[in-house]
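Residue numbers (this note's numbering): 8 to 156.
Printed below as a string of structure tokens:
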């Protein structure tokens with residue numbers, strides 16, 4: 008924080024002593040870390056199914072709570088690429104790159120889910136791993152070539 012600031016919570020919380028608290032004093036020079044993953048998956052904003060992969064949720068109007076939260080994300084009310092003056096300058100390039108890679112792969116292969124259970128490691132970079140060996144990032148997939156020559 009550049010100066011002392013009284014930071015409001017989106018909803019009151021109960022303190023250890025039982026009091027209801029709706030803000031916290033953040034002293035100057037305090038480092039603040041935003042939990043982007045939690046903001047992008049908050050069930051109070053996105054609904055009870057917030058942890059489910061549902062791309063179709065962006066084809067319908069988003070829940071009113073998402074709009075009311077005023078998240079500063081630069082894309083779809085998500086903080087994945089941050090927001091404001093510190094937003095990722097490469098977000099459009101990264102989206103284009105993902106679309107090119109996916110279209111190339113999808114046109115050439117059929118994908119099948121792995122036979123083993125996958126867990127997600129929520130570290131600096133979210134990564135998949137096998138449940139039986141979560142310390143090793145990996146995502147085994149079964150592929151089949153669409154038109155083998």
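Where a beta carbon is used, it is the ideal one built from N, C-alpha and C, also for glycine. These figures come from a predicted structure and were not determined experimentally.
Run of the beta strand (DSSP E) containing residue i, from where it starts to where it stops
i	result
residue 140	140–144
residue 71	Here residue 71 belongs to no beta strand (DSSP E); instead the alpha helix (DSSP H) covers 71–76.
residue 87	85–90
residue 135	133–137
residue 149	149–152
CA nearest to the CA of residue i, picked from the options
i	options	result
residue 8	19, 63 and 31	31
residue 80	70, 141, 93 and 68	93
residue 54	71, 114 and 40	71
residue 60	47, 68 and 51	47
residue 99	38, 82, 143 and 132	82
residue 151	62, 38 and 121	121
residue 29	39, 18, 103 and 36	18
The alpha helix (DSSP H) enclosing residue i, as first and last residue numbers
i	result
residue 129	From DSSP, residue 129 is part of no alpha helix (DSSP H) but of the beta strand (DSSP E) over 125–129.
residue 109	98–115
Proximity below 8 Å, CB of residue i to CB of residue j
i	j	result
residue 116	residue 153	yes
residue 34	residue 11	yes
residue 66	residue 78	no
residue 146	residue 118	no
residue 22	residue 52	no
residue 69	residue 84	yes
Whole-angstrom distance between residue j and residue i, CA atom to CA atom
i	j	result
residue 124	residue 138	6 Å
residue 56	residue 127	17 Å
residue 107	residue 113	10 Å
residue 26	residue 14	17 Å
residue 41	residue 89	9 Å
residue 44	residue 155	40 Å
residue 101	residue 141	27 Å
residue 130	residue 143	13 Å
residue 91	residue 58	26 Å
residue 38	residue 111	42 Å
residue 96	residue 105	16 Å
residue 20	residue 109	43 Å
residue 63	residue 133	22 Å
Any chance you could list the beta strand (DSSP E) runs of at least 3 consecutive residues sitting entirely within the region 9–66, in chain order?
12–21 and 27–33
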